[in-house]
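Report on the following structure.
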Amino acid sequence: MLDRIQETAAYLKGRMHTQPETAIILGTGLGSLAGEITEKYEIKYEEIPNFPVSTVEGHSGKLIFGKLGQKDIMAMQGRFHFYEGYSMKEVTFPVRVMRELGIKTLFVSNASGGTNADFEIGDLMIITDHINYFPEHPLRGKNIPYGPRFPDMHEAYDKELIRKADAIAAEKGIKVQHGVYLGTQGPTFETPAEYKLFHIMGADAVGMSTVPEVIVANHCGIKVFGVSVITDLGVEGKIVEVSHEEVQKAADAAQPKMTEIMRELINRA
């Protein structure tokens with residue numbers, strides 16, 4: 011595994027002419043943040059040795075390098091999911107490559123279903139913690155020497171970045187929620203009983219990504235900031251039939267607010 015990570019990183023270093031310390035994983039319907047990147051150059055996933063290829067509609071499958079404001083960044087436009095058939099090592103492979111490339115801070119975004127009765131469709135939820143509900147742990151197996159065998163997760167989402175994001179949201183007049191994100195394998199959306207269970211467990215929002223990447227980022231010593239767009243509601247009395255297209259539409263509608271917070275936060279981080 012380490013040999014493949016280093017091979018991939020060496021390939022990318024040979025094509026990079028910037029040295030970003032900030033990375034972004036752009037989630038469902040949120041890929042238009044890429045339009046904010048200037049001086050950019052792109053590398054398609056299929057060109058990168060050992061990289062999986064995204065198969066999900068709305069995930070375009072390329073690395074983008076350039077500037078967001080004044081900061082050099084790299085962005086994943088299209089992430090990998092356990093439900094696509096990938097192992098957790100494949101899902102999180104890009105994060106380990108980021109570590110080899112010198113990434114210090116990772117910004118993650120996703121679309122999720124809200125289980126908190128105070129949430130509305132289109133809300134932005136700053137992730138303060140998570141619950142790992144995946145059947146396979148991304149650190150299972152031989153420990154890669156980027157971090158300890160038993161990494162601490164008491165601050166999986168950096169508190170200082172959360173504080174800065176709150177300040178930016180207040181300055182811009184953007185409403186934000188805080189909450190716990192629960193990651194599950196998908197690809198089905200949750201039943202009403204599952205939403206109820208997850209809320210009882212302490213989740214404010216549920217999705218099919220993010221948690222594995224955040225675990226591996228923490229293992230690699232990379233700071234994390236995460237935000238969810240609430241694209242549907244898993245609250246009793248508000249649950250309706252939902253489709254992937256509707257999720258994308260709701261995420262797209264909320265994207266300008268998320269872009270504004272992310273842009274400012276990346277430049278102040």
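Letter 150 of the sequence shown, counting from 1, is numbered 160 in my numbering, and no numbers are missing.
Beta carbons are placed, not taken as given, at the ideal position from N, Cα and C, and that holds for glycine.
- Annotated three-state conformation of Asn126 is coil, per DSSP.
- Counting along the chain, Gln87 sits inside the beta strand (DSSP E) bounded by residues 81–87.
- A residue is called buried once 16 or more other Cβ atoms fall within 10 Å of its Cβ, and Thr198, having fewer, is exposed.
- The way I'd put it, the region 44–60 doesn't touch the region 128–137; fewer than three beta-carbon pairs between them come closer than 8 Å.
- Going by DSSP, Glu181 is part of the alpha helix (DSSP H) stretching over 169–182.
- Within the same chain, Arg14, Thr18 come within 6 Å of Asn60 by CB-CB distance, once the 5 residues on both sides are set aside.
- Collapsing the DSSP output to three states places Ser119 in a strand.
- In the three-state reduction of the DSSP assignment, Met98 falls in the helix class, which pools H, G and I.
- For Asn142, the enclosing beta strand (DSSP E) covers residues 134–142.
- Just so you know, the alpha carbons of Lys206 and Tyr191 end up roughly 14 Å apart.
- Ranking Val63, Leu36, Thr194, Ile232 by CA distance to the CA of Asp162 puts Ile232 first.
- For Phe75, the enclosing beta strand (DSSP E) stretches over residues 72–78.
- Under the Cβ criterion (8 Å, minimum of three pairs), the region 203–218 does not count as touching the region 97–116.
- If you check the CB distance, Phe144 and Phe208 do not come in under 8 Å.
- Distance between Glu31 and Val224, taken at the CA atoms: about 16 Å.
- Closest option to Val107, judged by alpha-carbon separation, among Met11, Asp262, Gln265: Met11.
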